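Position 157 of the sequence shown, counted from 1, bears residue number 157 in the UniProt record's numbering, the numbering being contiguous throughout.
All C-beta atoms in this analysis are idealised placements derived from N, C-alpha and C, irrespective of residue type, glycine included.
Computed from a predicted model, the values in this text were never measured in an experiment.
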Amino acid sequence: MSALNKIARTMVSGRRGILAADESIGTMSARLEKVGVEPTAETRRVYRELLVTTPQLAESVSGIILADETFHQKLGDGRTFPQYLDDIGILAGIKVDTGAKPLAGAPEEKITEGLDGLRERVADYVRLGATFAKWRAVITIGGDAPSERAVRANVHALARYAGLCQEGGLVPIVEPEVLMDGDHSLERCREVTTAVLETLFEELDLMRVRLDGIVLKPNMVVPGTGSGERPTVGAVALATVEVLRETVPTSVPGIAFLSGGQSPELATQHLGAMQKLGRLPWELTYSFGRALVGPALETWRGDDTNWAAAQKALSERALANAAVR
Ligand code: 5MM
Numbered sequence: 001m002s003a004l005n006k007i008a009r010t011m012v013s014g015r016r017g018i019l020a021a022d023e024s025i026g027t028m029s030a031r032l033e034k035v036g037v038e039p040t041a042e043t044r045r046v047y048r049e050l051l052v053t054t055p056q057l058a059e060s061v062s063g064i065i066l067a068d069e070t071f072h073q074k075l076g077d078g079r080t081f082p083q084y085l086d087d088i089g090i091l092a093g094i095k096v097d098t099g100a101k102p103l104a105g106a107p108e109e110k111i112t113e114g115l116d117g118l119r120e121r122v123a124d125y126v127r128l129g130a131t132f133a134k135w136r137a138v139i140t141i142g143g144d145a146p147s148e149r150a151v152r153a154n155v156h157a158l159a160r161y162a163g164l165c166q167e168g169g170l171v172p173i174v175e176p177e178v179l180m181d182g183d184h185s186l187e188r189c190r191e192v193t194t195a196v197l198e199t200l201f202e203e204l205d206l207m208r209v210r211l212d213g214i215v216l217k218p219n220m221v222v223p224g225t226g227s228g229e230r231p232t233v234g235a236v237a238l239a240t241v242e243v244l245r246e247t248v249p250t251s252v253p254g255i256a257f258l259s260g261g262q263s264p265e266l267a268t269q270h271l272g273a274m275q276k277l278g279r280l281p282w283e284l285t286y287s288f289g290r291a292l293v294g295p296a297l298e299t300w301r302g303d304d305t306n307w308a309a310a311q312k313a314l315s316e317r318a319l320a321n322a323a324v325r
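Here it is, written out as structure tokens:
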């Protein structure tokens, strides 16, 4: 077993999943403002300290994805976030993309940036304690989108990122997110997700990325939020697993879903229903952001008298997801 494969397996096996706490400064600041907290480097740090010091988190969480700012910050006791995670048996991950920007020639679509200097940044993060990384590509459905050029440009960047991470010793989480925004049907999401994943695995192969040393982080197959469709939990689970069976090679050790704006409860139900669809060739787990931390942030609201209750809210979501694995 290679070192990368061993890390990837640790990330996805057992009952554990991954906590995505890597909101960029802009996204995190907007989320803090929404709950009445003034966004500063210190309030972002304190909020992330609340999350990672949740009691017994390592029972349900194998890895936490951090943003660059948090990666270099310290907890109240002086340990850096990666040092602290190592001490409690959770792998430290780092988001290395620098965000999705308008794609030239198709400004309504996005291309994720961050390849320049990535080899050197990977080396720095490894030195500071990272064992895995994350890069998120964003695919929009609507009108003529996604265009072939948006899909190809995004999977090309994902594959080059994945290759650089593996070369430097990090397991890449490969995240091609087909967004839920829009009025498209579940069937359209299925078509687009299938095409994106097919193209992604062609490109990963071309870039010689070792599939047993990645974790795939896809969207579930769901209708657009404005579609009016309300599929059953079973229909979403079945469509998602069918797409994955068609497109994801069996050498990939694990698939860790994003939640994409689903409610925490529904994301958990979908994950649980997939596990009941028979024996699958890869581990299926969670790498949720909002569906794990949403209730905790709403509970905390910057008031430290809510600290324990907010940690309990995170713990409950993490344990609920671990329970359906
Ligand atoms: C936690 O948010 C991540 C970073 O977002 P930005 O760089 O846009 O601020 C995001 O990539 C996240 O990891 C995934 O979307 C999964 O989170 P959700 O909330 O969709 O489960």
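According to the neighbour-count rule (16 or more other Cβ atoms, all chains shown, within 10 Å of its Cβ), is residue i buried or exposed?
i, result
"Met-1", "exposed"
"Ser-251", "exposed"
"Ile-18", "buried"
"Arg-48", "buried"
"His-270", "buried"
"Pro-253", "buried"
"Lys-34", "exposed"
"Asp-77", "exposed"
"Asp-87", "exposed"
"Pro-295", "buried"
"Pro-263", "The sequence as given places Ser at residue 263; Pro does not occur at that position. With fewer than 16 Cβ atoms within 10 Å of its Cβ, Ser-263 is classed as exposed."
"Leu-51", "buried"
"Gln-166", "buried"
"Leu-32", "buried"
"residue 326", "Given a span of 1 to 325 for the chain in the structure shown, any question on residue 326 remains unanswerable."
"Gly-182", "buried"
Could you tell me which residues DSSP pairs with residue i in its beta bridges?
i, result
"Glu-283", "Gly-254"
"Phe-132", "Gly-93, Val-171"
"Thr-299", "Paired residue(s): none; Thr-299 is not in a bridge."
"Met-139", "Per the sequence presented here, residue 139 reads as Ile, with Met not at that position. DSSP output for Ile-139 lists Val-178 as bridge partner(s)."
"Thr-80", "Lys-74"
"Ala-145", "Gly-142"
"Val-215", "Ile-173, Gly-254"
Please identify the residue among the options whose C-alpha is closest to the C-alpha of residue i.
i, options, result
"Val-126", "Asp-68, Glu-113, Gly-89", "Asp-68"
"Pro-107", "Leu-128, Ser-147, Asp-124, His-72", "Ser-147"
"Glu-42", "Ala-137, Cys-165, Leu-75", "Leu-75"
"Val-196", "Arg-317, Ala-145, Ser-259", "Ala-145"
"Ala-133", "Val-209, Leu-200, Arg-230, Val-215", "Val-215"
"Ser-24", "Pro-39, Ser-13, Arg-16", "Pro-39"
"Glu-242", "Gly-224, Ser-287, Leu-186, Glu-202", "Leu-186"
"Glu-265", "Ala-323, Gln-73, Val-151", "Ala-323"
"Val-46", "Thr-80, Gly-63, Ser-62, Val-61", "Thr-80"
"Thr-10", "Pro-281, Arg-31, Asn-306, Ser-60", "Ser-60"
"Leu-277", "Leu-118, Arg-325, Leu-170", "Arg-325"
"Trp-135", "Ala-150, Glu-177, Leu-128", "Glu-177"
"Gly-63", "Gln-83, Arg-44, Ile-141, Ala-308", "Gln-83"
"Gly-105", "Pro-281, Ala-237, Arg-149", "Arg-149"
"Glu-140", "Gln-275, Asp-303, Gly-260", "Checking the displayed sequence, the identity of residue 140 turns out to be Thr instead of Glu. If we check each option's Cα against that of Thr-140, Gly-260 comes out closest."
What residue range is occupied by the uninterrupted beta strand (DSSP E) comprising residue i?
i, result
"Val-178", "171–178"
"Ile-18", "17–21"
"residue 392", "Here the chain has residues from 1 to 325 only, and residue 392 is not among them."
"Leu-103", "100–103"
I'd like to know if residue i contacts chain B, where contact means its C-beta is closer than 8 Å to some C-beta of that chain.
i, result
"Leu-297", "In the structure shown, chain B cannot be found, because there is only a single protein chain."
Starting from residue i, follow the alpha helix (DSSP H) in both directions and report where the run begins and ends.
i, result
"Pro-107", "Not the alpha helix (DSSP H): Pro-107 falls in the beta strand (DSSP E), residues 106–112."
"Val-46", "41–52"
"Leu-238", "233–247"
"Arg-188", "186–206"
"Leu-211", "Counting along the chain, Leu-211 falls outside any alpha helix (DSSP H), and DSSP gives it neither H nor E."
"Asn-5", "3–12"
"Val-126", "118–127"
"Asn-321", "307–323"
"Ser-29", "25–34"
Under 8 Å by Cβ, that's how I've got residue i and residue j pegged, so tell me the actual separation to the nearest angstrom.
i, j, result
"Gly-213", "Leu-4", "3 Å"
"Ala-100", "Ile-111", "7 Å"
"Glu-175", "Lys-217", "4 Å"
"Asn-219", "Thr-193", "6 Å"
"Val-222", "Met-180", "6 Å"
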